[in-house]
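Q:
Protein chains: 2
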Amino acid sequence: MKRHEESYRGKNVLITGGLGFIGSNLAIRLVELGANVTLVDSMLPLYGGNTFNIHPVRNRVRVNFSDIRDSASMNYLIQDQEYVFHLAGQVSHVDSILDPFGDVDININGTLSVLEACRKRNPRAKVIFTGTRGQYGSSVKLPVDENAPTNAKGIYAITNLAAEKMIMMYNEVHGVRGVCLRITNTYGPRHQMKHNRYGVVNWFLRLAMDDEIVPIMGDGTIQRDFLFVDDLIDALLLVGSREESFGEIFNLGTGVPTDFLTLGELVCHVAESGRCSFVPFSEERKQVEPGHYYADIGKIRSVLGWEPKTSLEEGLRRTYEYYRKHKSHYWTQENATKDGARHRSRLDNRDLGHQRVARAG
Amino acid sequence: MKRHEESYRGKNVLITGGLGFIGSNLAIRLVELGANVTLVDSMLPLYGGNTFNIHPVRNRVRVNFSDIRDSASMNYLIQDQEYVFHLAGQVSHVDSILDPFGDVDININGTLSVLEACRKRNPRAKVIFTGTRGQYGSSVKLPVDENAPTNAKGIYAITNLAAEKMIMMYNEVHGVRGVCLRITNTYGPRHQMKHNRYGVVNWFLRLAMDDEIVPIMGDGTIQRDFLFVDDLIDALLLVGSREESFGEIFNLGTGVPTDFLTLGELVCHVAESGRCSFVPFSEERKQVEPGHYYADIGKIRSVLGWEPKTSLEEGLRRTYEYYRKHKSHYWTQENATKDGARHRSRLDNRDLGHQRVARAG
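Taken in order, these protein sequences are the chains called L and F.
Going by this note's numbering, the first sequence opens with residue 24, and the numbers climb by one from there.
Going by this note's numbering, the second sequence opens with residue 24, and the numbers climb by one from there.
(1) Here's the rule I'm using: 16 or more other beta-carbon atoms within 10 Å means buried, otherwise exposed. How should residue 250(L) be labelled?
(2) Using the Cα positions of residue 191(F) and residue 183(L), report the straight-line distance between them to the nearest angstrom.
(3) Who are the neighbours of residue 113(F) on chain L, taking C-beta pairs under 8 Å?
(4) Closer than 9 Å by beta-carbon distance: list the chain L residues that pair up with residue 171(F), in chain order.
(5) Between residue 282(F) and the rest of its own chain, which residues show a CB-CB distance below 7 Å, the 5 nearest in sequence each way excluded?
(6) Can the beta-carbon of residue 89(F) be found closer than 8 Å to that of residue 136(F)?
(7) Touching or not, the segment 210-219 of chain L and the segment 45-63 of chain L, by the rule of three or more beta carbon pairs under 8 Å?
(8) Using CA coordinates, which residue listed in 274(L), 217(L) and 232(L) is at the minimum distance from residue 69(L)?
(9) For residue 241(L), would you say it is in contact with chain F, using Cβ-to-Cβ distances shorter than 8 Å as the test?
(10) Taking residue 138(F) as the reference, give the member of 262(L), 178(L) and 257(L) with the closest Cα.
(11) Once the 5 residues before and after residue 145(L) are set aside, which same chain residues still bring their CB inside 6 Å of it?
(12) Judging by CA-CA distance, which residue of 112(L), 118(L) and 125(L) is the nearest neighbour of residue 155(L)?
(13) Could you tell me whether any Cβ in chain L is nearer than 8 Å to the Cβ of residue 35(F)?
(14) Name the residues in the segment 321-350 of chain F whose C-beta lies less than 7 Å from a C-beta of chain L; which are they?
(15) What is the rounded straight-line gap between the Cα of residue 362(L) and the Cα of residue 120(L)?
(16) Give the residues from the segment 180-192 of chain L that approach chain F closer than 9 Å (Cβ to any Cβ), ordered along the chain.
(17) Would you say residue 39(F) faces chain L, with C-beta separation under 8 Å as the test?
(18) Count the other CB atoms, across all protein chains shown, that sit within 10 Å of the CB of residue 162(L); report buried if there are 16 or more and exposed otherwise.
(19) For residue 114(L), tell me which candidate among 181(L), 80(L), 78(L) and 97(L) has the shortest Cα-Cα distance.
(20) Please state the DSSP three-state secondary structure of residue 246(F).
(21) Unbroken beta strand (DSSP E) runs of length 3 or more, entirely within the segment 183-241 of chain L: which are they?
(22) Bridge partners of residue 106(L), per DSSP?
(23) Can you tell which of 293(L), 147(L) and 198(L) has its C-alpha closest to the C-alpha of residue 336(L)?
(24) Assign residue 84(L) to one of three DSSP states: helix, strand, or coil.
(25) When the Cα of residue 175(L) is compared with those of 185(F), 198(F) and 346(F), which residue comes out closest?
(26) Using three-state DSSP, classify residue 89(F) as helix, strand or coil.
(27) Spell out a yes or no on whether the segment 48-64 of chain F and the segment 72-84 of chain F are touching, meaning 3 or more CB-CB pairs, one atom from each, closer than 8 Å.
(28) Can you tell me the Cα-Cα spacing of residue 64(L) and residue 37(F), whole angstroms?
(29) Given that a residue counts as buried once 16 or more other Cβ atoms are within 10 Å of its Cβ, and exposed if not, what is residue 166(L)?
(30) Is it buried or exposed, residue 188(F), if we count other Cβ atoms within 10 angstroms and call 16 or more buried?
(31) How long is the line joining the alpha carbons of residue 291(F) and residue 341(F), rounded to whole angstroms?
(32) I need the straight-line Cα distance from residue 267(F) to residue 256(F), nearest angstrom please.
(33) I'd like to know whether the C-beta of residue 132(F) is nearer than 8 Å to at least one C-beta of chain L.
(34) So for residue 384(L), helix, strand or coil by DSSP?
(35) Along chain F, in chain order, which residues have C-beta atoms closer than 8 Å to that of residue 8(L)?
(36) Throw me the rounded Cβ distance for the residue 132(L) and residue 92(L) pair, which I believe falls under 8 Å.
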């Protein structure tokens, strides 16, 4: 156990969105570190909550099914917590276009409900919040550091930005310590695999594992920064444990750009199935596509000494291994075939046909 | 009539918050310019809506009592508008501490409801939004330009910032043209005079006109930028009429710093009554007090050629003249005396007594 990880031994820790992708991975690590862990999850359909995610620690955590917008529940649950990892949120960019009011409600009112519970019932709680690189919108210069403009291109990103501003304000004005992370595309075990509304890496992996077409938009040269979830969990634990984190905003990522074609080919290579195919951008996608992004992680590296450790290939292998063993808990072949068929027929019906990409590996 | 003002002749213009301070002053000017003006106001108690505000044009505008959060109403009202001046909002910093969820609902969901109405029913509408200098929080350097960090110190300012981000995003992504103004403390005729939750200059004037104590917090050296409402209306009309405004954020102010003691003394001088007295900052006030602010107005000056024209003394005189004639529509002597008495007794009960300030003029 690293020194900073001892901060959590015997401590009360609340995780909102605790049955989701990041929350469940964090919960498992915190249980190993000896924390008393409470998970809050509202199990909204299409979101990431899955009771199987916490299977390894199911008897060693307290699970509370409630919504972060439920102030009474938050007031009660937060009153005796030392750490609040606030991970719950609406995370689908697509859904935020269809229902922008839902984003405001979950991401802003939900965060406010958590913060008000801290202010009123437990101002000594430390709040660790995960925002998104989407807050930057299109990158003005690369890599993107924390001082870059925040010209968010969707309600999802704007509501995350507003939540971040609230966390920082409660830290400064109300003395509720808070730290905000702007995280890049994260992938790994325990991510939902039911649909492609968010989480492109995991979705590519499902398609490849089902030997489907992995669709590469445009010419596949757009670059992103793909972070393995274990590295993210290391960062969350480090950030929460260090007093100098609070009041700060940190980028999280690898700092290494990878283009979508490389990603798709690597996924098919690791899965030993699937194949990449180019598809044109939809009009809607084109409007909100922010272009290249990779993070400047110099701040968290110099202030806290965090470094990501997992290469993309290694991370993909570990993700693949997880779903190879536990696939039935994440998607059924029936769904996959149906979704795949739908996907293929959509591709075939396009005016612009798709172009076969040479299979990697 | 100036050339740009001709843009409004015969055009349909909607003003949200239309019976309030800025909305009513704008409505009167637009009627003079020959626009077809519709005013939306929900007449929330303690807000600025007052039917007397539009007395001079009462038969030449359409008044619609509804809430900007009422999407059905917005969808219907916005469908045939060329210009939407979106001025409605929760504007009290004090109230945002007591009820932060109310701010989110009015300022964020309300703005979203206006924007969705444009997107769905009338994407050619031009939206002019008034935010606040509060979005900057404490000034990092003075004067403050539009690129300064936005470390808002309260929910009121954060919700305005989120609304601004939404306007800019709908402009960029959905093609609904929008422009955002970050306006400084504005004063003038038609501001509510019932309470001191917002609008310090008008409140000082009421106290002075009632020959009450004008409370100067701390040592009165904190500087602000006080803008006369007619200059603001000029800016709104100019900004709305020029295609190059859209997609931009502009500061509005005078660029001239004035400290609170100077303001208080000038107000008493103009009113020929009242007197200034120092009072200590409350703890709550101290936490959220952002310190000095005055705007760098170089951007709107160079892009659109706007300049404020009214000196503080001139603006105060015109404001005083308005309330001297129409005071009975804004506050009653009975209220004033009661409020004044309450105010005095609160001062007298403080541990730190207040200190008489030499009367200006």
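Don't be surprised by glycine CBs; every beta carbon is placed ideally from N, CA and C.
A: In short, the structure shows the following:
(1) When all chains shown are included, residue 250(L) counts as buried.
(2) C-alpha separation (whole angstroms): 16 Å.
(3) Residues of chain L whose Cβ lies closer than 8 Å to the Cβ of residue 113(F) do not exist, since the nearest Cβ in that chain is about 14 Å away.
(4) Near residue 171(F) there are no residues of chain L at all, since even the closest Cβ is about 12 Å away, more than 9 Å.
(5) Around residue 282(F), the same chain offers 243, 244, 245 and 246 as residues with beta carbons nearer than 7 Å, after the five sequence neighbours per side are excluded.
(6) With a cutoff of 8 Å on beta-carbon distance, residue 89(F) and residue 136(F) are scored as not near each other.
(7) Judged by Cβ distances under 8 Å, the segment 210-219 of chain L makes contact with the segment 45-63 of chain L, as three or more pairs qualify.
(8) Ranking the options by Cα distance to residue 69(L), first place goes to 217(L).
(9) Chain F contact via Cβ: absent.
(10) If we check each option's Cα against that of residue 138(F), 178(L) comes out closest.
(11) Listed in chain order, the non-local C-beta contacts of residue 145(L) below 6 Å within the same chain comprise 101 and 102, local neighbours out to five positions each way being set aside.
(12) Nearest option by C-alpha distance: 112(L).
(13) Residue 35(F) does not count as touching chain L.
(14) Per Cβ criterion, the list is empty.
(15) Below a pLDDT of 50, predicted positions are generally treated as unreliable, and residue 362(L), at 49, falls in that range; the measurement from the model is reported next regardless. Spanning the alpha carbons of residue 362(L) and residue 120(L) requires a straight line of approximately 22 Å.
(16) For the segment 180-192 of chain L, which is checked against every Cβ of chain F, the residues closer than 9 Å are 180, 181, 182, 184, 185, 188, 189, 191 and 192.
(17) Answer no: the Cβ-Cβ gap between residue 39(F) and chain L never drops below 8 Å.
(18) Buried is the call here.
(19) The residue with the shortest Cα to Cα distance from residue 114(L) is 181(L).
(20) The answer is strand: DSSP assigns residue 246(F) an E or B state.
(21) Whole beta strand (DSSP E) segments, 3+ residues: 201-206 and 236-240.
(22) Within the DSSP secondary-structure output, residue 106(L) pairs in a beta bridge with 36(L) and 149(L).
(23) Taking only the C-alpha atoms, the option nearest residue 336(L) is 293(L).
(24) Strand, per DSSP.
(25) Residue 185(F) holds the alpha-carbon nearest to the alpha-carbon of residue 175(L) among 185(F), 198(F) and 346(F).
(26) Coil.
(27) Touching, yes, given that three or more Cβ pairs across the two stretches are closer than 8 Å.
(28) Each residue's alpha carbon lies about 42 Å from the other.
(29) Under this definition residue 166(L) is a buried residue.
(30) So residue 188(F) counts as buried.
(31) In this structure, the straight-line span from the alpha carbon of residue 291(F) to that of residue 341(F) is close to 14 Å.
(32) One alpha carbon belongs to residue 267(F), the other to residue 256(F), and they sit about 18 Å apart.
(33) At least one CB of chain L lies nearer than 8 Å to the CB of residue 132(F).
(34) Unreliable positioning characterises residue 384(L) in this predicted model, as indicated by a pLDDT of 32, which lies under 50. The coordinate reading is nonetheless provided below. It is coil, neither helix nor strand.
(35) Look at the range of chain L in this structure, 24 to 384, and you will see that residue 8(L) is not part of it.
(36) Between residue 92(L) and residue 132(L) the Cβ distance is about 5 Å, and since that is below 8 Å, they are a contact.
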